[in-house]
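Engineer: Protein chains in written order, with the working numbering: chain A, 999 to 1267; chain B, 5 to 227.
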Amino acid sequence: MLIDWFTVIAQLLNFLILVWLLKRFLYQPILKAMDEREKNIAKRMQEAEAQKNEAWKEKSRYSEMAGSLEQQKESMLQKARQEAESERRRLMEAAREDHRRLRTRLHQALESERANLSRDVIRRFQEEVFGLAGKVLADLADTTMEKQMAIVFARRLENLSEEERKHLSAALQASAHSVTVNSSFSLASEQQHAIEAALEKMLPPGTEVAFKTLSEKGRFGPAGGIELTTDGYKMSWSVTDYLSTLEKRIAKILEEEIEKEPKTEKHEA
Amino acid sequence: MSLTTDDIIFWEHGFFKLNATIVITWVLMLVMVTGARLITRNLSRDVHISRWQNMLEAIVSGINQQIKEIGIQKPEKYISFIGTIFLFIAFAAICTIIPGYEPPTGSLSTTAALAISVFLAVPLFGIEEKGVRGYLKSYLEPNFIMLPFNIISEITRTLALAIRLFGNMMSGAMILSILLVISPFIFPVLMILLGLLVGMVQAYIFGILATVFIAAATQAGRH
């Protein structure tokens, strides 16, 4: 007999017990756990989704903020650039102004330097020229010249202007009848006569004319000269006088020329 | 050599006897329930779960899925019954790798008990689902002429369930015993593997058939 009915009943009971036990210890807890886990996961997913949305919002907010910041930065940079540009222009202008001023000053300094230099040069040139002239005249001062000098002196006395003549006459009257003619060389008798003749018209009668030869060079210069002295009056003629007059006049002319020059140059610049 | 484990009797008192089939079944039950209890004692509700829990969840959700595929809307309701049939038969088959073990499903008494439980469960589930009238009406479908055939099919399929499982399981054990006698070493190992496969397939077939019967009783005519 393949089927043992007691065993069948026993196995049937066993099976039912197993069903109950497994239901109690296996299916129910597992299914419950799975359900709970699924819910849990779904909840988490939901939370994650919410957080993700939140993060997205946050992100867009930040990116917006970043955009506005960028814009702000750009505008600030633009402003700074403009300011820098204007500052640069201003500085450039100032530098240019400085440059112009300095150049002008330099120019002026150069000008004055040049003027000084040319003045110096002219002065020395003048000195040289007149020194040379004086030297030449000194070399030429021989008897003929001395004679000529005496003649010129006499002529000058004759051709005195009315005012001078009065002046001289007054001086001669006051001098107690003594007149001295000094010369750098000894005058010949005919020259002395010529001078006396010229003076005769102005001198009161009985007046002595004394002739003196002065060896001191400084008085008349290297080329020599003649002078008439009395109390309170002195009249002289010498090459040096001429030269110094001429020198003064030329110096004046040159001075004027120098004064004029920078103005014209500045105008050109 | 005995054909069935029913013949190995440890204790007997009149009608009552304690044979190997019952004892082995108890052992299997003990192991299964203890194992389930140990694993489900502290189940994790979190995302991270233990490997044992994962295994049990895979098995339970797999069974659930199978039941659902057959057409039962609420598999949780029937999983205790169908799942236990499958797990018991499968576990009994897997244990054949233990030397000296005889599967209790190799006894026609056990398979008959399982088949009878299905035979009883199907109308019970049907009545529970559709009511007595509704269930009994299903015997008259599609026509009242079909009533005897429906009743016959109810009985024969129960018989077929019992005999099929018994034949397969017993034959596996028998073939193994015979082969061990004629050719030891490697060949019986292959036969054990084949026996395991056959055991799993039988477990699956038994479970699926029980499910189909229950589905037919509970879901038919609903849509």
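All C-beta atoms, glycine included, are put in the ideal place defined by N, C-alpha and C. On a predicted model such as this, the values are computed, not experimentally measured, just so you know.
Excluding five sequence neighbours on each side, which residues of the same chain lie with their C-beta closer than 6 angstroms to the C-beta of Thr1228/A?
Structural biologist: In the first sequence, counting from the first residue as 1, residue 1228/A sits at position 230. Cβ within range, chain order: Ala1169, Leu1170, Ser1173 and Val1177.
Engineer: Helix, strand or coil, according to DSSP, for Ser1236/A in the structure here?
Structural biologist: The residue given as residue 1236/A occupies position 238 in the first sequence. Ser1236/A: strand per DSSP, three-state reduction.
Engineer: With respect to the beta strand (DSSP E) encompassing Asn1180/A, which residues constitute its N-terminal and C-terminal limits?
Structural biologist: The sequence position of residue 1180/A within the first sequence is 182, counting from 1. Element bounds for Asn1180/A: Ser1176 to Ser1181.
Engineer: Taking the continuous beta strand (DSSP E) assigned at Asn23/B, which residues delimit it?
Structural biologist: Within the second sequence, residue 23/B is the residue found at index 19, counting from 1. Run containing Asn23/B: Phe20 to Asn23, per the beta strand (DSSP E) assignment.
Engineer: Rounded to whole angstroms, how far is the Cβ of Ile67/B from the Cβ of Gly87/B, which I believe are closer than 8 angstroms?
Structural biologist: Along the second sequence, read from residue 1 onward, the residue named residue 67/B stands at position 63. Along the second sequence, read from residue 1 onward, the residue named residue 87/B stands at position 83. Yes, they are in contact, since the Cβ atoms of Ile67/B and Gly87/B sit about 5 angstroms apart, within 8 angstroms.
Engineer: Is DSSP giving Tyr1231/A helix, strand or coil here?
Structural biologist: Taking the first residue of the first sequence as 1, we reach residue 1231/A at position 233. Of the three classes helix, strand and coil, the one that applies to Tyr1231/A here is strand, per DSSP.
Engineer: Using 10 angstroms around the beta-carbon of Tyr1025/A, count the other beta-carbons present and answer buried if the total reaches 16, otherwise exposed.
Structural biologist: Stepping through the first sequence from its first residue, residue 1025/A is reached at position 27. Buried, by the Cβ-count rule.
Engineer: What number of angstroms, rounded off, separates the C-alpha of Val126/B from the C-alpha of Thr109/B?
Structural biologist: As a first step, residue 126/B is located in the second sequence; it is residue number 122 there, counting from the start. As a first step, residue 109/B is located in the second sequence; it is residue number 105 there, counting from the start. Going by the C-alpha atoms only, they are around 21 angstroms apart.
Engineer: Under a three-way DSSP split, which group does Leu1104/A fall into?
Structural biologist: Here residue 1104/A refers to the residue found at position 106 of the first sequence. Reduced to three states, the DSSP call for Leu1104/A is helix.
Engineer: Just mark Thr29/B as buried or exposed, buried being the case when its beta carbon has 16 or more other beta carbons within 10 Å.
Structural biologist: Position 25 of the second sequence, counted from the start, is the residue given in the question as residue 29/B. That one is buried.
Engineer: Under DSSP, the alpha helix (DSSP H) around Val51/B begins and ends at which residues?
Structural biologist: Within the second sequence, the letter at position 47 stands for residue 51/B. Note, Val51/B: premise wrong, no alpha helix (DSSP H); not H, not E.
Engineer: Report back the beta-carbon spacing between Ala207/B and Ala94/B to the nearest angstrom; my notes put them in contact at under 8 angstroms.
Structural biologist: The count along the second sequence starts at 1 and reaches residue 207/B at position 203. The count along the second sequence starts at 1 and reaches residue 94/B at position 90. About 4 angstroms; that satisfies the 8 angstroms criterion.
Engineer: Using Cβ-Cβ distances below 8 angstroms, what residues of the region 1062-1077 of chain A are close to chain E?
Structural biologist: Given the protein chain composition of this structure (A and B), no chain E is represented.
Engineer: CA-CA distance, Thr44/B and Pro1027/A?
Structural biologist: As a working note, residue 44/B is residue 40 in the second sequence. As a working note, residue 1027/A is residue 29 in the first sequence. Roughly 6 angstroms between the two C-alpha positions.
Engineer: Taking only beta-carbon atoms, is Ala1031/A less than 9 angstroms away from chain B?
Structural biologist: By one-based count along the first sequence, residue 1031/A stands at place 33. Yes, Ala1031/A counts as interfacial toward chain B.
Engineer: Chain A beta carbons: is any one of them nearer than 9 angstroms to that of Trp15/B?
Structural biologist: For the purposes of this step, residue 15/B is taken as residue 11 along the second sequence, with counting starting at 1. Not an interface residue.
Engineer: Residues of the region 169-192 of chain B with a CB closer than 7 angstroms to any CB of chain A: list them in chain order, please.
Structural biologist: The residues in question: there are none.
Engineer: In this structure, does DSSP put Leu1020/A in helix, strand or coil?
Structural biologist: To locate residue 1020/A, count along the first sequence from 1; it is residue 22. It is helical.
Engineer: Tell me which residue opens and which closes the alpha helix (DSSP H) that Thr1211/A is part of.
Structural biologist: On the first sequence, position 213 is the one that residue 1211/A refers to. Thr1211/A -> not in any alpha helix (DSSP H); beta strand (DSSP E) instead, spanning Glu1206 to Thr1211.
Engineer: Does the beta carbon of Asn1051/A come closer than 9 angstroms to any beta carbon on chain B?
Structural biologist: Locating residue 1051/A in the first sequence gives position 53, where the first residue counts as 1. Taking Cβ atoms only, chain B never reaches closer than 9 angstroms to Asn1051/A, which makes this a no.
Engineer: Apply the 10 Å Cβ neighbour rule to Gly130/B and answer buried if 16 or more other Cβ atoms are within range, or exposed otherwise.
Structural biologist: Translated into positions along the second sequence, residue 130/B becomes position 126. Buried is the call here.
Engineer: Any Cβ of chain A within less than 9 angstroms of the Cβ of Arg55/B?
Structural biologist: On the second sequence, residue 55/B is found 51 positions in, with the first residue counted as 1. By this cut-off, Arg55/B is not an interface position.
Engineer: Hey, does Arg1059/A have any beta-carbon neighbour from chain B nearer than 9 angstroms?
Structural biologist: Position 61 of the first sequence holds residue 1059/A. Taking Cβ atoms only, chain B never reaches closer than 9 angstroms to Arg1059/A, which makes this a no.
Engineer: Alpha carbon to alpha carbon, how far is Glu133/B from Thr215/B?
Structural biologist: Stepping through the second sequence from its first residue, residue 133/B is reached at position 129. Stepping through the second sequence from its first residue, residue 215/B is reached at position 211. Their Cα atoms are separated by approximately 14 angstroms.
Engineer: Would you mind stating whether Met204/B and Ala117/B have Cβ atoms separated by less than 9 angstroms?
Structural biologist: For the purposes of this step, residue 204/B is identified with residue 200 of the second sequence, where counting begins at 1. For the purposes of this step, residue 117/B is identified with residue 113 of the second sequence, where counting begins at 1. For Met204/B and Ala117/B, no; Cβs fall outside 9 angstroms.
Engineer: Would Gly75/B and Ala219/B be called neighbours here (beta carbons separated by less than 9 angstroms)?
Structural biologist: By 1-based counting over the second sequence, the position of residue 75/B is 71. By 1-based counting over the second sequence, the position of residue 219/B is 215. Taking 9 angstroms as the Cβ cut-off, Gly75/B and Ala219/B qualify as a contacting pair.
Engineer: Could you tell me which residues DSSP puts in a beta bridge with Gly1223/A?
Structural biologist: Walking along the first sequence from the start, residue 1223/A turns up at place 225. Bridge partners of Gly1223/A: Ser1236/A.
Engineer: May I ask you to list, following chain order, the residues of the region 213-225 of chain B that have a beta carbon less than 9 angstroms from some beta carbon of chain A?
Structural biologist: Against chain A - using a Cβ distance shorter than 9 angstroms - the region 213-225 of chain B contributes no residues.
Engineer: Are the region 143-155 of chain B and the region 193-200 of chain B touching by the rule of at least three beta carbon pairs closer than 8 angstroms?
Structural biologist: As far as the Cβ criterion goes, the region 143-155 of chain B does not touch the region 193-200 of chain B, which means the pair count is below three.
Engineer: If I'm right that Leu91/B touches Met174/B with Cβ under 8 angstroms, what's the distance once you round it to whole angstroms?
Structural biologist: As a working note, residue 91/B is residue 87 in the second sequence. As a working note, residue 174/B is residue 170 in the second sequence. In fact, because the Cβ distance is near 20 angstroms, the residues do not count as touching under 8 angstroms.
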